[in-house]
Ligand SMILES: [Zn+2]
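Numbering (my numbering), first residue to last: 104 to 596.
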């Protein structure tokens, strides 16, 4: 009895220690190939997480406080950051589409369109948190429409610009990352450079940035690049080209020439950067190829279908006017309607005037240019994706990891993490480093691959093993875990 009670007594401190640490306070991911986001060589090591942050990185011993995860030699990198995302449009499906690619942060408010007003938007995310982090730009088109209403087919007056400026200023105070424009879309297409510069100056004064779907990406690409460089110079603001592309056959093969132009602007002190998605097909509206808004002009339609894309390369996405045309190519629809392709294109646009919900996917880019742009030092990867529509919404990041670009895996990871954080001027994410947020992705470099295609757009990618946001597992075993630790990403103050 005596011995028993003695051993019982001796056991008490141990039991007490165990009880007080019933719930592990830290997570140790060991035996992982760490690619830290900086582009430096990878190494086998461990990462310890405490609460939302990375506590330690390196050759770490297991502690009693650790909950242990074996990395099995897989690659552990910072969570991917998507600098141009439309995943904010469908909260339920977005987490699956984004997380299954290893994306832990999305930046919305793109192409000139943002949720207005920002305080209500932020409030809704605070009340119903997401699995992923989200930051937003303030959209020029959105604030323009707020001020000008339906009377937007003109340049804004000085007082209207002042009104837009005060909305933008208020949004910058709330944490908006800056001004986004969509100058190829209504209503931004009717603005002039001076209007944009006046607003970009407001964003600049508040430490924000400028990100733009430029005025044109095909026929007037050169002039559009001149415009964004001018905006950067006159507003003294860092500028980013959204989804950079050479979307005209006559320009194919000239990516390095355009990059030289951007490099010269950088030499002059203009902080110009770009993002890009790894597909030869874009997705937009049917009318985007009509810069002069002459929607019944056969010559414009013919130019679009010969120089910018092809009838076989144009896939109808959403088409509320006649849903049976969805997922068909333009040439097939023309065949069905017994018309020539130009007539059909113009008829579809006319039909869409009464039922404006429409989208098209079209092939306009050359793979070689995409690879050249990806290799530019100031490019970062983006998806430009949404949960529905184009396979990029489900596959961009694994596709880039899988594709042949002549880059090391470390460089690719850098362009999906730290380079993105730099191009957005946000801190505390994008590197595996003590004190940074524990937004991480564990993936298998041998099996990583996108599966979404133009006929099956919502297939998950292979190879993403585990995704962490704020130190919590949000995706594992090919499924979201229904945990919602997402944070709101605000402009660095
Ligand atoms: Zn865009």
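Cβ atoms here follow ideal geometry from the backbone N, Cα and C, with glycine treated the same way. These numbers come from a predicted model, not from an experiment.
Contact defined as beta carbons within less than 8 Å: I believe residue i pairs with residue j. What is the distance between those atoms, to the nearest angstrom?
i	j	result
residue 502	residue 553	4 Å
residue 325	residue 348	Contact flag wrong, Cβ pair sits at about 14 Å.
residue 280	residue 312	6 Å
residue 181	residue 542	6 Å
residue 183	residue 500	5 Å
residue 294	residue 333	Not confirmed; about 14 Å, so no contact.
residue 239	residue 264	That belief does not hold up - the Cβ atoms of residue 239 and residue 264 are roughly 22 Å apart, past 8 Å.
residue 269	residue 241	Not confirmed; about 12 Å, so no contact.
residue 513	residue 138	5 Å
Who are the near neighbours of residue i in its chain, counting only those whose CB is closer than 7 Å to its CB and skipping five residues on each side?
i	result
residue 590	236, 573
residue 434	414, 415, 444
residue 404	445, 448, 449
residue 323	394
residue 140	180, 181, 516, 517, 520, 521, 533, 534, 535
residue 547	177, 566, 568
residue 336	373
Kindly indicate which residue of the options has the alpha-carbon position closest to the one of residue i.
i	options	result
residue 378	191, 561, 519, 204	519
residue 450	400, 418, 483, 410	400
residue 550	232, 534, 523, 564	564
residue 380	398, 187, 413, 567	187
residue 395	286, 459, 374	286
residue 362	478, 282, 207	478
residue 533	506, 567, 483	483
residue 340	318, 376, 317	376
residue 597	538, 512, 544	With the chain covering 104 to 596 only, the question about residue 597 has no answer from this structure.
residue 544	568, 556, 559	568
residue 387	535, 139, 342, 493	493
residue 213	487, 558, 412	487
residue 472	408, 350, 420, 454	350
residue 527	278, 586, 407	278
residue 452	397, 141, 489	397
residue 289	393, 238, 210	393
residue 592	245, 275, 266	275
residue 491	139, 342, 559, 227	559
residue 284	315, 263, 273	315
residue 507	437, 382, 389, 402	382
residue 555	163, 204, 422, 144	204
residue 328	346, 297, 365	365
residue 346	514, 142, 511, 189	189
residue 455	318, 439, 441, 389	389
Return the chain-ordered list of same chain residues with a C-beta closer than 6 Å to the C-beta of residue i, the five sequence neighbours on each side being excluded.
i	result
residue 338	300, 303, 304, 307
residue 561	497
residue 384	464, 466
residue 571	541, 543
residue 431	419
residue 578	202, 570
CB-CB under 8 Å to residue i, same chain, minus the five flanking residues each way: which ones, in chain order?
i	result
residue 129	151, 152, 153, 158, 166, 168, 169, 170
residue 595	310, 528, 529, 530
residue 121	Only weak support is given to the placement of residue 121: the predicted model assigns it a pLDDT of 37, under 50, and the value that follows is read from those uncertain coordinates. Around residue 121: no qualifying Cβ.
Say whether the stretch 426–433 touches the stretch 355–362, bearing in mind that this needs 3 or more beta-carbon pairs closer than 8 Å, one atom from each stretch.
No contact exists between the stretch 426–433 and the stretch 355–362.
Decide if the stretch 450–466 is in contact with the stretch 356–375; the criterion is three or more beta carbon pairs, one per stretch, under 8 Å apart.
Flag = no, the stretch 450–466 and the stretch 356–375 do not touch.
On the three-pair Cβ rule with 8 Å, is the stretch 510–530 touching the stretch 214–226?
When C-beta atoms of the stretch 510–530 are compared with those of the stretch 214–226, fewer than three pairs fall below 8 Å, so the two segments do not count as touching.
If you scan the stretch 150–192 from start to end, which runs of the beta strand (DSSP E) of 3 or more residues do you find wholly inside it?
Correct list: 156–161, 169–173, 178–181, 183–185.
Does the pairing of the stretch 166–175 with the stretch 128–140 give three or more beta-carbon distances under 8 Å?
Yes, the stretch 166–175 is in contact with the stretch 128–140.
Where in the stretch 422–491 do unbroken runs of the alpha helix (DSSP H), each at least 4 residues long, occur, reported from the N-terminal end onward?
Counting only runs of 4 or more, we get 433–440, 444–457, 470–477.
Please go through the stretch 338–414 and give each complete alpha helix (DSSP H) segment of 4 or more residues, from N-terminal end onward.
Segments of the alpha helix (DSSP H) lying fully in the stretch 338–414: 358–370, 401–406.
Ranges of the alpha helix (DSSP H) found wholly within the stretch 493–531, counting only runs of at least 4
Counting whole runs of 4 or more residues, the stretch 493–531 contains the alpha helix (DSSP H) stretches 495–505, 512–519, 521–527.
4-residue-minimum alpha helix (DSSP H) runs that sit fully inside the stretch 521–585, ordered along the chain
Listed in chain order, the complete alpha helix (DSSP H) runs (minimum 4 residues) inside the stretch 521–585 are 521–527.
Entirely within the stretch 240–301 and at least 3 residues each: give me those beta strand (DSSP E) ranges in chain order.
Within the stretch 240–301, the runs of beta strand (DSSP E) at least 3 residues long that lie entirely inside it are, in chain order, 281–285.
In chain order, which alpha helix (DSSP H) runs of at least 4 residues are fully inside the stretch 210–234?
Complete alpha helix (DSSP H) runs here, min 4: 221–230.
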